[in-house]
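Residue numbers (this note's numbering), protein chains in the order written: chain A, 32 to 374; chain B, 32 to 374. Ideal Cβ placement from N, Cα and C applies to all residues, glycine included.
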């Protein structure tokens, strides 16, 4: 297979942990095959059990020449402690090998559906942070009434200082510029109120530091979940504790309302009929808010692009995570971060 | 008027700040009138501008004899700092006078739609905390897939210790017992994950203390917003920072989905027709999730019942806040808290 790869001009290589996540490697391979179809200049290095992978890849003959297997029979259990995952016994795991491939430059990015804490720990160990960034952040997109916004940190850091929030603002600005094509993003800082005097000390200090910097866009100040939803900020900076609670609260509420709505429609003959008539619009709405479209959390701040897919991702959402990583490499994310850092 | 009051057997008196909130005193008086209709044994003391109040009350002759005006021409501006609101110049304000009436035992409870921070500061100053409780908490009900659950603290305390979280569990248990009629409530502690090792130090410490106590119900451990929504906990204990972010995130998400849904239905002729057919079910759904039904945050931990209505409350939701305070007095909330405290 490597012979086939060499005649192609691979403008980009993505390292993929084929064994991470709940439905690996089947959905991983299907997701990779779809991404390969969509991006003809990208090659994928799949790390995992070679025999199993070979069989799965053979189902996609039209892209099989750009899906290269790298054998690894070691899988890190999802409930392993991140600190233990960094031990030597796991260095030949599919995840470690995929991350090391990115670290060594054999691939420009790495994608995995494994446990967030483990992916982050190994990426920190092997890839490391961009100079000037002292903490990584988990970043993602969230749908708003206008479009989409970048939110970070979603849980990598429970306790942060103002300095870290400032760095998250840099990381988020670069993400909005490269991924949402917003050259001058509006930045907000998540707080329990918009009044200048409100909030805990680290948020207060973060405000001062972000306020004191020159931004390509605007710092709009303290923001609440409401401001994110309304699309009044393009980047919402949070400490990982509040960001994680916010993310999980929005997911839970969406689930609650969905369940209520479904039950309501089922109740009477007229409402069932009404549902059928509006079914196309409902399908559209579901597509718009489909969490699979937003799959792929960026491990922001690392020297190489590292995207974490949801563990329960299906192939469609794994493709979304792969496309996110491909786009980030194309847009030169890491360089953008360095350019934004104050000298 | 007081002559009329004396021939009645007022089993309960509620002190009402008639001047707090965005639409006072009009909606306040309308809300009080409706509560008076529903609770024939309750008398309401209305603190505010007497001439204006007299005119408004005259529209409700059938209950006017149980709505007693207490003159106050001083209103605390909503943007006043809580620390300044405690100064002598505001002691004759409608809010201060209403709180003092409860503190002195002239009323068993006090209800206001003024700024939360100000209500809390004045209630702490004049009423004070139940013995054994060192921090007050803002508590409210939230709808779940099964029923309703109590959530606290929603923002009174940004930084808390484990000891405070333990006390919030007591306050929440008493609320679930008295207000939701759940004798053995399941208690959860909000965290960013359910694994025992996850979360910040104060949450870890809170876990130990709550775990170490005898409860009428069960301590189910760390919980996520998802567990609340599923109705898997009857009481969700949070620090005020995370609780506030969670509350605002759920409100914002509900707003986002509502706007999406509305827009979807408007798009085509069929979907508009579908909406009309299902309109009754939608109305039912709206009633079920109507935030006005959940109006009234309890200032939990105080010696007297103190309920804060949403500032933008309409008369329907102000009535809900009044009914909450009436029920809490009937159920002997403060005594219940004392009984639950470890001796």
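Let me make sure I understand the geometry here. Which of A:290, A:261, A:313 has the alpha-carbon closest to that of residue 279 of chain B?
It is A:261.
Starting from the beta carbon of residue 186 of chain B, find every residue of chain A whose beta carbon is closer than 7 Å, and list them in chain order.
The answer, in chain order, is 223.
Compile a chain-ordered list of the residues in the segment 58-75 of chain B whose CB is closer than 7 Å to at least one CB of chain A.
So nothing in the stretch comes that close.
Distance, Cα to Cα, residue 168 of chain A vs residue 330 of chain A?
Whole-angstrom Cα-Cα distance: 6 Å.
What is the DSSP secondary structure of residue 196 of chain B, counted as helix, strand or coil?
DSSP places residue 196 of chain B in helix when its eight states are reduced to three.
Name the chain E residues that come within less than 7 Å of residue 344 of chain A, Cβ to Cβ?
Here chain E cannot be found, since the structure's protein chains are A and B.
Roughly how many whole angstroms lie between the Cα atoms of residue 162 of chain B and residue 141 of chain B?
Distance between the alpha carbons of residue 162 of chain B and residue 141 of chain B: 20 Å.
In whole angstroms, give me the CA-to-CA distance for residue 122 of chain B and residue 354 of chain B.
Spanning the two alpha carbons is a distance of roughly 27 Å.
To the nearest angstrom, report how far apart residue 56 of chain B and residue 198 of chain A are at their CA atoms.
Going from the Cα of residue 56 of chain B to the Cα of residue 198 of chain A covers about 47 Å.
Name, going along the chain, the residues of the segment 165-183 of chain B whose beta-carbon falls closer than 9 Å to a beta-carbon of chain A.
Cβ contacts with chain A come from 174, 175, 176.
Counting along the chain, where does the beta strand (DSSP E) carrying residue 43 of chain B start and finish?
It spans 43-48 - the beta strand (DSSP E) in which residue 43 of chain B sits, taken as one unbroken run.
Could you tell me whether any Cβ in chain A is nearer than 8 Å to the Cβ of residue 151 of chain B?
Residue 151 of chain B does not count as touching chain A.
Show which residues of chain B have a CB atom less than 7 Å away from the CB atom of residue 277 of chain A.
276, 280, listed in chain order.
Taking the runs of the alpha helix (DSSP H) that are 4 residues or longer, which of them lie wholly in the segment 145-193 of chain B?
Within the segment 145-193 of chain B, the complete alpha helix (DSSP H) runs of at least 4 residues are 147-157.
Is DSSP giving residue 206 of chain B helix, strand or coil here?
It is helical.
For residue 33 of chain B, count the other beta carbons within 10 Å of its own beta carbon; 16 or more makes it buried, fewer makes it exposed. Which is it?
Residue confidence for residue 33 of chain B is low, a pLDDT of 46 falling below 50, so the modelled location carries little weight; the figure read from the coordinates is stated next. So residue 33 of chain B counts as exposed.
Check for me: the beta strand (DSSP E) holding residue 268 of chain B runs from which residue to which?
266-268 is the span of the beta strand (DSSP E), which, as asked, contains residue 268 of chain B.
Taking 8 Å as the threshold (beta carbon to beta carbon), is residue 306 of chain A in contact with chain B?
Output row for residue 306 of chain A: interface = yes.
Report the three-state DSSP secondary structure of residue 106 of chain B (helix, strand or coil).
Residue 106 of chain B: coil per DSSP, three-state reduction.
Does any CB atom of chain B fall closer than 8 Å to the CB of residue 287 of chain A?
At least one chain B Cβ lies under 8 Å of residue 287 of chain A.
List, in chain order, every chain B residue whose beta-carbon is nearer than 8 Å to that of residue 260 of chain A.
In chain order: 283, 284, 286, 287.
Are the C-beta atoms of residue 211 of chain B and some chain A residue less than 8 Å apart?
No, because no Cβ of chain A sits closer than 8 Å to the Cβ of residue 211 of chain B.
Let me know if residue 222 of chain A comes out buried or exposed under the rule of 16 or more other beta-carbons within 10 Å of its beta-carbon.
Residue 222 of chain A should be labelled buried.
Pick helix, strand or coil for residue 223 of chain B, following the three-state DSSP scheme.
In this structure, residue 223 of chain B counts as coil in the three-state DSSP scheme.
CB residue 233 of chain A to CB residue 196 of chain A, shorter than 8 Å?
Yes. Within cutoff.
Which residue or residues does DSSP assign as beta-bridge partners of residue 339 of chain A?
For residue 339 of chain A, which the question treats as bridged, DSSP gives the partners A:143, A:328.
Hey, does residue 46 of chain B have any beta-carbon neighbour from chain A nearer than 8 Å?
Taking Cβ atoms only, chain A never reaches closer than 8 Å to residue 46 of chain B, which makes this a no.
Under 7 Å Cβ-Cβ, which residues of chain B neighbour residue 235 of chain A?
Within 7 Å Cβ-Cβ: nothing; residue 235 of chain A doesn't reach chain B, min ~11 Å.
For residue 218 of chain A and residue 182 of chain A, which I take to be in contact (beta-carbon distance under 8 Å), what is that distance rounded to the nearest angstrom?
Not confirmed; about 11 Å, so no contact.
Less than 8 Å between the C-beta atoms of residue 139 of chain A and residue 208 of chain A, yes or no?
No; because the gap between Cβ atoms is not below 8 Å, this pair is not in contact.
Taking contact to mean 3 or more Cβ pairs, one atom from each stretch, closer than 8 Å, check whether the segment 292-310 of chain A and the segment 94-111 of chain A are in contact.
Short answer: they don't touch.
Taking C-beta to C-beta, are residue 239 of chain B and residue 211 of chain B nearer than 8 Å?
It is not a contact, given that the beta carbons lie outside the stated cut-off.
Exposed or buried, which one is residue 136 of chain A when buried takes at least 16 other CB atoms within 10 Å?
So residue 136 of chain A counts as exposed.
Taking C-beta pairs closer than 8 Å, name the residues in chain A that residue 296 of chain B reaches, listed in chain order.
The contacting residues are 309, 312.
By the DSSP assignment, the alpha helix (DSSP H) with residue 91 of chain B in it spans what residues?
From DSSP, residue 91 of chain B is part of no alpha helix (DSSP H); its letter is neither H nor E.
Taking the alpha carbon of residue 342 of chain B as the point to measure from, which residue in B:220, B:144, B:286, B:184 has its own alpha carbon closest?
If we check each option's Cα against that of residue 342 of chain B, B:144 comes out closest.
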